[in-house]
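Okay, so here's the structure we're looking at.
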Amino acid sequence: MMTKQVRYEALVKALHGDLYRYAYWLCHEKQVAEDLVQETFLRAWRALDSLKDEKAAKSWLITILRRENARRFERKRFEMSEYEEANITDTQSVTTEQQLENHWLREKIAKLPPEYSEPLILQVLGGFSGEDIAAMLDLNKNTVMTRLFRARNQLKEALEAEPVKRGMYNG
Amino acid sequence: MDDLQFRRAIYADPNNQDADCIAAQQADPSKKQFAQDICQLDEKIMRALQVPVPEGLSEKLILRQTLASHQIHKRKKRVHLALAASVAIIGGLMLNFMQFSSAYTNLGDYALAHVYHEQGDFANNTSGQVTLASLNQKMAAFDGNFSKAFGKLISADYCRFDGMKSLHLVFQGKTSPVTVFVVPKDEQLRFSPTFNDKQLFGSSIEFKHSNIIVVADKNESLQQWQQNISETVTWSI
């Protein structure tokens, strides 16, 4: 019992940040993301004995979280409206150029179609390889690589099409 | 590796460590530049993705799990308690059943068992004798009366006959004591007119409210005893 508790706490401490960020980029709402993470970890606790390979913990948790997120859609489809752009911006006051750029890029990432943004988030944030992502999203690897390519391509184009802010940044 | 292939590979994974990719970068400075640009883009994306995690989220997660597992633990404890209670009740019932239900189904079996149980207590040649008066005093409890004495009465006492108050009479017999029970009628034990085992045999006489059972060894004439009893006993109701 005690070892399970210890294992669980270690899992929470090590991965709650990544999981929360992933949830946030999945649903674009802080509160919903937090609920998703709570639900995910509660399920993880119940099934902790089935987690044999600690190295696989992150992808295991992400799989649970994706399932939870899908369930959320089944449960309250009617509540799901187009997300407001206001929701995806963080409320921190935009002061430095760095933050300005982050803020701007966040909007761009949020505007990516989910099938592009999800692999990108998994790759950049989760540090997963193409194969891992393909397994998690139940896609083949070539599809994943194509989506990653398109995601970055779109972001880069958006970045280059923003001459005013780029100008500010540069000069 | 042509330019398009290279761009696709870098776009898909800027940290691509494929031998082809590395070779292409070393061969062509513009490709190297491109790869570096995309790496920078990735750093920016990385920074952008690092949304602040709510404070105390990990504590909340641990707390919620602790509470949830506590609930489960409590529920389990309740189930265990219920189980233990059920077992205790069943145990109690069984004990009750075994102790207070009769192990014998008819008068004969019980009478034999009773006699064997008390065999050592009565000797056939005991000098004492119970008078007819004191016998009738005891018989009054069963609304019965013996008109005259028959045989030598060694002992007359109330006893428990399968939980019922009954009169236990011991007469002197030819070789061993003859036991006579006066037992109120009861539903539990089946009336058995005659019964026997290797040593003893017995018979029951049925009256209106009571049964009189005679148990003796095989040297006695049960018929004689039955007759004596039937002739002398009278019932007031």
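Line by line, the protein sequences are chains A and B.
Residue 416 is where the first sequence starts when you use the working numbering, and the numbers rise one by one after that.
Residue 6 is where the second sequence starts when you use the working numbering, and the numbers rise one by one after that.
We put the beta carbon where it would ideally sit given N, CA and C, even for glycine.
Keep in mind the model is a prediction, meaning the values are calculated, not measured.
| query | result |
| --- | --- |
| Quick one: any contact between the segment 518-527 of chain A and the segment 566-574 of chain A, if contact means 3 or more CB pairs under 8 Å? | yes |
| Would you report the Cα separation of B/Gln70 and A/Ala459, rounded to the nearest angstrom? | 10 Å |
| What residues in the segment 115-127 of chain B bring their beta carbon closer than 7 Å to a beta carbon of chain A? | none |
| Taking the beta carbon of B/Ser132 as the centre, do at least 16 other beta carbons fall within 10 Å, making it buried, or is it exposed? | exposed |
| Residues of chain A with a CB under 7 Å from the CB of B/Ser63: which are they? | Val427, Lys428 and His431 |
| Please tell me whether A/Tyr531 has its Cβ less than 7 Å away from any Cβ of chain B. | no |
| Could you give the residue range of the beta strand (DSSP E) that holds B/His173? | Met169 to Phe176 |
| Measure the beta-carbon distance from B/Gly96 to B/Asn129 and round it to whole angstroms, keeping in mind my assumption that it falls under 8 Å. | Contact doesn't hold; Cβ gap of about 45 Å is too wide. |
| Out of curiosity, what's the CA-to-CA distance linking A/Leu535 and A/Glu424? | 28 Å |
| With 7 Å set as the bound, which would you pick, yes or no: does the beta-carbon of B/Ala53 sit closer than that to a beta-carbon of chain E? | This model lacks chain E altogether, as its protein chains are A and B. |
| Less than 7 Å separating the beta-carbons of B/His135 and B/Val220? | It is Val, not His, that sits at residue 135 of chain B in the sequence shown. Cβ atoms of B/Val135 and B/Val220: not closer than 7 Å. |
| Output the distance between the C-alpha atoms of A/Trp440 and B/Glu64, rounded to the nearest integer angstrom. | 22 Å |
| Could you tell me which whole alpha helix (DSSP H) segments of length 4 or greater appear in the segment 23-98 of chain B? | 24-32 and 34-54 |
| Taking only runs of the alpha helix (DSSP H) that begin and end inside the segment 124-208 of chain B, which ones reach a length of at least 4 residues, in chain order? | 137-144 |
| Check the DSSP bridge columns for B/Asn111 and list the partner residues they point to. | B/Arg195 |
| Taking the straight line between their C-alpha atoms, what separation do you get for B/Leu9 and B/Phe39? | 12 Å |
| Would you please verify whether the beta carbon of B/Gln45 is less than 7 Å from any beta carbon of chain A? | no |
| Can you tell me where the alpha helix (DSSP H) with B/Asp222 in it begins and where it stops? | Segment Ser215 to Asp222 is the beta strand (DSSP E) holding B/Asp222; no alpha helix (DSSP H) there. |
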